[in-house]
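Here the structure is laid out as structure tokens; the discussion comes afterwards.
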Amino acid sequence: MAWPSSRGRVEAAARSTLPELRRRPVGELPGVGPRIERALRELGISSVADLITHYPSRHEDLSNVRRISELRVGERATVLARVTGTRPVGRPVRGRPPGFSAQLYDGTGYIPAVVWGRHWLQGQLVPGTRVVVSGEVQRRYGIQLAARSIELVDGEDGQGGPHAGRFVPVYPSNRHIQPRRLRTLIHRALAGVGRILDPLPADLLARRDLPALHDAIHEVHFPHDRRSLAAALRRLVFQELFVIQAALAARKAHAARHERGRSHAGDGSLLNPYLQGLPFGFTGAQQRVLGEILADMRSERPMRRLLQGDVGSGKTAVAVAALLTAVEAGGQGALMAPTEVLAEQHYLSISGALRKLPVRVVLLTGSQGAARRREALEALRSGEAHIAVGTHALIQKGVGFRDLSLVVVDEQHRFGVGQRTTIREKGRTPDTLIMTATPIPRTLSLTLYGDLEVSVIDELPPGRKPVETRLVPLGRRHEAYGEVRRELERGRQAYVICPLVEESEALEEVRAAEELYEELRRDIFPERRVGLLHGRMRAQEKREVMSAFRAGRVEVLVATVVVEVGVDVPNASVIVIEGAERFGLSQLHQLRGRVCRGTHPPRCFLVADPATEEAGRRLEALVEHQDGFRLSEVDLAIRGEGTLFGSRQSGMPDLKVAKLLRDVEVLVEARREAFDLVARDPALRSPLHRPLRREIQEVLGRDVEWLFRE
């Protein structure tokens, strides 16, 4: 590849593809030495492709250049002029240099441009320098231009250069590389890559009226006008979503071609007694979802289904019904949970619900004693055990099943793609049911789980009360504990959640939990039985504390987020979350759900002093909304989609330009086109589709390599 010379002469390569450009280090570019290369790497830019897809956050419209003689007070204007001199303005404040004023002349008149915070520019603006200045025309001690943007115009610029006389891109940058340098490098790279080949078929582009990728990338950086910029953005959004959807469609098509499951034709000998013995009837939503799951299981195609349901909606009861159906058909089932606390909770509740049925349930966790673990493993291999409940210990070497035919993964976002695949490999293409109590907006579920069928339990059991949620300033936290005391006097129990600590600071988390425990035990509830639960305790200690809390021997449980999901103590009616501003919205909703399991009116107190607007919006949303799906949309709107929910775990790439809440229509279009294309060419073998296949493999990496093997 030949790059432009320092004088701007271009000897461009004939053509390039993005996969090729991803393998070309950015250090090949003229002007990128070791220091600039390090600065670019901090921005996530290591290849030429990274550089040209480092898209602007906004554009400055410097295309409409005005004459100085035509300027009017109050308007936003851009002028192209020469500097005749500079002088300081104002005084240094707290060690910061003063601003300066640059006198400008364009042949029609003079105007001072006042610049603040960029004192280093003053040394560059020597008399005779040509500049493009954009800002507001103000009247202060005469007419002046408050410069928002000021760019030097040198021999490289002119009307077609990257810095002036056009829509000028403004990029995310850092303190080690100036925006102007970044703009120059991107302009130089675009000039040197040649024609960027398109991975999308030409008929698709024509049908959707989308510009070619080469044109879209150039226009999104240096657009001719707002219309071309909008068209370029739409094209890039479409491609980003289309590549993901095509991968999902290929994954689904591969399963249909290569995976044969088994028909779970249960006779109801276990399922019917289980349903009849429940202390409550299934809601209409549970019945509908169970029907969808059983229909999948009766089919000879492997089930791949995502089960969504809000906190307390009854997902586990539905999962147990599916596990019993697998056992009826002669197979075994496994339920994998992310923590030992949750795995043991599932084991106890499932064992209790099935105690009158001829079904053996075993527990497998990393902290088990050798004898108990050996007994569980032998029972699974021989088929004597019908259902295994455990943590990631289920996927370790040496764990085998006689006939694993159904895998249930709880709180799926806690597991990586590889872990979910490994548990499935313990059987012969078992059915898979993935559960989450973290509701996912439809757009996000289509993006992350578009190859799965989706079932939603959108109805809570009758009598389930909303959680009264209050935001309590840190200085009035005693009021929250006063309310807790009143609940305890009524014979109920309480959770107190320790403030969240960075994962890397595990010992700090223990210290914070122990300090809060001591404060409550000595100073706030000295007459009550207070317990402590955190992730660094030994498994036996955790079991003893949870057993005491379930039995009522512990009245107040001080805990970290190990109780975030699944822990079920119906007598607990109140929860206090200390440092609530440190938690994510979905975490807060999960924690709040711990107190909606009983018949008492549940209450939640968020003790917080939010320091940012975003944290305040999260807490206000939790106070206002009970519905987890509504909260998930609010959360997505607040956080944005730069890093998708669990994208690192789900095998999906981060989004650079698409915004799922904004681009719903584009997502639906991209999904329809992708699934139609893969239906016609499942392995993308056609020469017309090979560029798309390479792009999918490049973007999604090893997670999709196997999709295109015959």
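Take the sequence shown: its letter number 343 is residue 343 in full-length UniProt numbering, and every next letter is one higher.
Backbone N, C-alpha and C define an ideal beta-carbon position, used for all residues, glycine too.
If you're wondering where the values come from, they're calculated on a predicted model, not measured in any experiment.
Item: At which residues does the alpha helix (DSSP H) containing residue 722 begin and terminate?; Value: The question about residue 722 has no answer here: the residues shown for the chain are numbered 1 through 710.
Item: Report the CB separation of residue 223 from residue 59 in whole angstroms; it is logged as a contact under 8 Å.; Value: 7 Å
Item: Within the same chain, show all residues whose beta-carbon is closer than 6 Å to that of residue 530, passing over the 5 residues directly before and after it, in chain order.; Value: 520, 521 and 556
Item: So, for residue 635: in the same chain, excluding its five sequence neighbours on each side, which residues have a beta-carbon less than 8 Å away from its beta-carbon?; Value: 584, 585, 586, 618 and 621
Item: Can you tell me whether residue 679 is buried or exposed? The criterion is at least 16 other CB atoms within 10 Å of its CB, across all chains shown.; Value: exposed
Item: Look up residue 245 in the DSSP assignment and say whether it is helix, strand or coil.; Value: helix
Item: What's the C-alpha gap between residue 205 and residue 671?; Value: 15 Å
Item: With a 10 Å radius around its C-beta and 16 neighbouring C-beta atoms as the bar for buried, classify residue 449 as buried or exposed.; Value: buried
Item: Taking the alpha carbon of residue 603 as the reference point, which residue from 571, 613, 610 and 582 has its own alpha carbon closest?; Value: 571
Item: Does the stretch 568 to 582 come close enough to the stretch 491 to 499 that 3 or more CB-CB pairs lie under 8 Å?; Value: yes
Item: Should residue 7 be labelled buried (16 or more other beta-carbon atoms within 10 Å of its own) or exposed?; Value: For residue 7, the predicted model reports a pLDDT of 31, less than 50, meaning its position is unreliable; a value from the coordinates is still stated below. Exposed, by the Cβ-count rule.
Item: Under 9 Å between the Cβ atoms of residue 395 and residue 189?; Value: no
Item: Using only the alpha-carbon positions, how far apart do residue 136 and residue 34 sit?; Value: 39 Å
Item: Which class does residue 399 belong to by DSSP, given the choice of helix, strand or coil?; Value: coil
Item: With the cut-off set at 9 Å, would you say residue 433 and residue 293 are in Cβ contact?; Value: yes
Item: Excluding the five sequence neighbours on either side, which residues of its own chain have a C-beta within less than 8 Å of the C-beta of residue 320, listed in chain order?; Value: 274, 350, 353 and 354
Item: Work out the CA separation of residue 112 and residue 74 for me, nearest whole Å.; Value: 15 Å
Item: Buried or exposed: where does residue 225 fall if 16 or more other Cβ atoms within 10 Å of its Cβ makes it buried?; Value: exposed
Item: My assumption, with CB atoms under 8 Å, is that residue 342 sits in contact with residue 410. Please give the rounded CB distance.; Value: 7 Å
Item: Per DSSP, what are the beta-bridge partners of residue 409 in this structure?; Value: 336 and 434
Item: By Cβ distance below 7 Å, which residues in the same chain neighbour residue 240 in space, the five residues on each side in sequence not counted?; Value: 655, 656, 657 and 658
Item: Using the three-state DSSP reduction, which class does residue 59 fall into: helix, strand or coil?; Value: strand
Item: Look at the alpha carbon of residue 13 and the alpha carbon of residue 191, and state the distance between them as a whole number of angstroms.; Value: Confidence is the limiting factor: at residue 13 the pLDDT is only 47, short of 50, which leaves the residue's position unreliable, though a coordinate-based value still follows. Between residue 13 and residue 191, the C-alpha separation is close to 9 Å.
Item: Could you tell me the boundaries of the alpha helix (DSSP H) in which residue 86 lies?; Value: Careful: residue 86 lies outside any alpha helix (DSSP H), inside the beta strand (DSSP E) at 76 to 89.
Item: At what residues does the alpha helix (DSSP H) containing residue 275 begin and finish?; Value: 271 to 277
Item: In the DSSP assignment, what residue or residues form a beta bridge with residue 469?; Value: 604
Item: Is residue 357 helix, strand or coil when you go by DSSP?; Value: coil
Item: Just to confirm my understanding: we take residue 403, look at its own chain, exclude 5 residues before and 5 after, and list those with CB closer than 6 Å. What are they?; Value: 331 and 332
Item: Excluding the 5 residues flanking residue 559 on each side, which residues of the same chain have their C-beta closer than 8 Å to its C-beta?; Value: 495, 496, 497, 498, 513, 532, 533 and 534
Item: Looking only at DSSP bridge pairs, what is residue 100 linked to?; Value: 88 and 115
Item: State the CB to CB distance for the pair residue 134 and residue 148, rounded to an integer number of angstroms; the pair is presumed to be in contact (CB under 8 Å).; Value: 6 Å
Item: Residues in its own chain within less than 7 Å of residue 37 by CB, not counting five upstream and five downstream?; Value: 26 and 27
Item: Does the Cβ of residue 264 have 16 or more other Cβ atoms within 10 Å, making it buried, or fewer, making it exposed?; Value: buried
Item: Can the beta-carbon of residue 214 be found closer than 9 Å to that of residue 197?; Value: yes
Item: Using CA atoms only, rank isn't needed, just tell me which of 195, 227 and 221 is closest to residue 210.; Value: 227
Item: Where do the ends of the beta strand (DSSP E) carrying residue 39 lie?; Value: From DSSP, residue 39 is part of no beta strand (DSSP E) but of the alpha helix (DSSP H) over 34 to 42.
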